[in-house]
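Number of protein chains: 2
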Amino acid sequence: MAPKRYPGGMTMPAADWLRLDQQICFSLNAASRAFGGVYRVVLKDLGLTYPQYLVMLVLWEHGELPVKKLGEHLRLDSGTLSPLLKRLEAAGLVRRERSARDERSVRVRPTGEGVALRERAVEVPRRIAAATGFDLAELQDLRSRLERLTTALDGAELPETAGRG
Amino acid sequence: MAPKRYPGGMTMPAADWLRLDQQICFSLNAASRAFGGVYRVVLKDLGLTYPQYLVMLVLWEHGELPVKKLGEHLRLDSGTLSPLLKRLEAAGLVRRERSARDERSVRVRPTGEGVALRERAVEVPRRIAAATGFDLAELQDLRSRLERLTTALDGAELPETAGRG
DNA sequence: CACAATTAAGTTGTGCACAACTAAATGGCG
DNA sequence: CGCCATTTAGTTGTGCACAACTTAATTGTG
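Same order as they appear, the protein sequences are chains A and B.
According to the UniProt record's numbering, the stretch in the first sequence is residues 1 to 165, in order.
According to the UniProt record's numbering, the stretch in the second sequence is residues 1 to 165, in order.
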């Protein structure tokens with residue numbers, strides 16, 4: 001369908017806005033889940049889910065982190081991470097132990113098995129990248145757009161329905 | 001961090017691939033969830049979750065559909081849709097009834113209340129678009145990239161770990 | 001018509017995301 | 001020191017995504 005053009009400050013009919021919105025949120029949602037599906041297949045060998053893989057990536061890079069820091073890297077809170085880390089620990093890939101210096105903090109680090117898994121994970125990015133059909137430059141470009149989008153969305157001051165300005 | 005360049009067919013160190021991959025999957029995941037957060041706030045007024053809103057968008061556009069068709073529009077199966085539709089029905093927004101012509105099929109259509117909700121939903125896209133900080137052209141462009149990505153990911157023949165080509 | 005294969009919806013179980021809450025430890029401040 | 005606000009994990013409850021399965025209706029084929 002050819003995209004209609006609304007030059008300048010011209011407003012779009014409400015029905016079209018709803019259709020446009022549909023396109024955008026559908027496509028983002030669909031892309032995200034399509035990605036998830038590909039990761040699921042690729043990560044099956046490693047016995048990891050996609051979010052677990054993300055956690056392991058951070059741990060491979062940083063070695064050991066408190067749950068809090070892990071959550072900052074991943075934008076996840078303890079409500080998501082606690083059970084996930086428990087499963088990773090049950091799988092023998094990480095160890096969790098209370099920090100002696102600050103008993104509130106729990107430090108997470110990969111076990112030997114967890115570190116060893118990295119060897120088998122190095123091929124994952126290549127396979128994923130291949131599945132996208134995008135070249136490196138396109139992926140980098142898309143990444144930067146998505147990061148810009150995320151920053152904007154996080155910082156967005158949502159206008160009220162019927163405002164107190 | 002300045003992006004390193006690897007011209008031609010030159011291979012990238014495995015560690016860098018893992019880092020790059022982190023960037024891409026992190027950014028997609030983060031963008032998707034950031035979007036979800038904004039929708040959550042905006043849709044709170046309407047009493048809808050984000051996936052419920054997507055369902056209502058399809059129903060507003062098509063009026064009445066069997067669960068199967070709904071799933072094709074949304075790339076969702078009955079395992080996701082059945083409970084979601086049950087909640088929408090409990091909220092009085094849709095009705096579900098077995099098709100007389102084909103007793104396997106359940107047709108879903110918005111109730112009067114469901115149709116009426118559309119009036120209050122028309123402002124949603126504008127608020128979301130505003131929160132992204134992107135203009136219409138940028139959003140359209142991003143959408144087309146994401147659709148291309150989804151198509152590629154869906155059709156991807158994932159190379160085996162150690163393949164029988 | 002009988003019967004196997006297919007199709008549609010729903011159910012069950014696992015895992016993730018997130019809000020709201022609890023519990024315990026820490027850090028200030030009077 | 002005593003006490004309270006803050007910080008860090010964890011828990012609980014709801015909802016979504018998806019795989020695997022069940023049930024029932026339909027279709028195709030001999």
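Yeah, the Cβ is synthetic: ideal placement off N, Cα and C, and Gly gets one too.
The stretch 77-95 of chain A and the stretch 40-56 of chain A touch, with no fewer than 3 CB-CB distances between them shorter than 8 Å. Look at the stretch 143-157 of chain A: the residues with a C-beta under 7 Å from a C-beta of chain B are Arg143, Arg145, Leu146, Glu147, Leu149, Thr150, Ala152, Leu153, Asp154 and Ala156.
Taking a beta-carbon distance threshold of 7 Å, B:Gln52 does not count as an interface residue toward chain A.
Shown here for B:Ser105: same chain residues with a beta carbon closer than 8 Å to its own, the five before and five after excluded, namely Pro66, Val67, Lys68, Arg98 and Ser99 in chain order.
Contact of A:Asp21 with chain B by beta-carbon distance below 8 Å involves Leu57, Val124, Pro125, Ile128 and Ala129. In the three-state scheme derived from DSSP, where H, G and I count as helix and E and B as strand, B:Arg104 is classed as coil. Residues of the stretch 61-72 of chain A with a C-beta atom less than 9 Å from some C-beta of chain B are Glu61, listed in chain order.
Rounded to whole angstroms, the gap between the alpha carbons of B:Thr111 and B:Leu46 is 15 Å. For the 7 Å CB-CB criterion, B:Pro125 and A:Leu18 form a contact. Chain-ordered listing is empty here: chain A has no CB closer than 7 Å to the CB of B:Leu85, the nearest sitting near 18 Å. 7 Å or more divides the Cβ of A:Leu20 from the Cβ of B:Ile24. For A:Ser78, no Cβ of chain B is located within less than 7 Å of the residue's own Cβ.
Counting along the chain, the unbroken beta strand (DSSP E) around A:Arg98 starts and ends at Val94 to Arg98.
In the structure shown, the three-state DSSP call for A:Arg75 is coil. Across the structure, B:Glu61 and A:Arg33 are spaced so that their CA atoms are roughly 23 Å apart.
Not one beta carbon of chain A lies nearer than 7 Å to the beta carbon of B:Ser99. In the DSSP assignment, B:Val41 falls within the unbroken alpha helix (DSSP H) covering Ala14 to Lys44.
Using beta-carbon distances, B:Ser82 does not count as an interface residue toward chain A, since no partner is under 7 Å. A:Arg145 sits close to B:Leu142, with the two beta carbons spaced by under 7 Å.
With a beta-carbon spacing of about 17 Å, B:Val38 and A:Ala31 fall beyond the 8 Å limit used to define contacts. For B:Ser105, no Cβ of chain A is located within less than 7 Å of the residue's own Cβ. Burial state of A:Arg40 is exposed, judged by a 10 Å Cβ sphere holding fewer than 16 other Cβ atoms.
Relative to B:Arg120, the option among B:Ser27, B:Leu28, B:Leu48 and B:Asn29 whose CA is nearest is B:Leu48. By the neighbour-count definition (other C-beta atoms within 10 Å, threshold 16), B:Ala116 is an exposed residue. Secondary structure of B:Leu65 (DSSP, three-state): strand. Looking from the CA of A:Lys86, the closest CA among A:Glu103, A:Asn29 and A:Val108 belongs to A:Val108. The beta carbon of B:Thr132 falls within 7 Å of a beta carbon belonging to chain A, placing the residue at that interface.
Where B:Ala116 is concerned, the enclosing alpha helix (DSSP H) starts and stops at Gly112 to Ala121. Here the C-alpha atom of B:Asn29 lies approximately 30 Å from the C-alpha atom of B:Glu89.
Chain B has no Cβ within less than 7 Å of the Cβ of A:Arg109. Under a criterion of Cβ atoms nearer than 9 Å, no residue of chain B is adjacent to A:Leu88; the nearest Cβ is some 17 Å distant.
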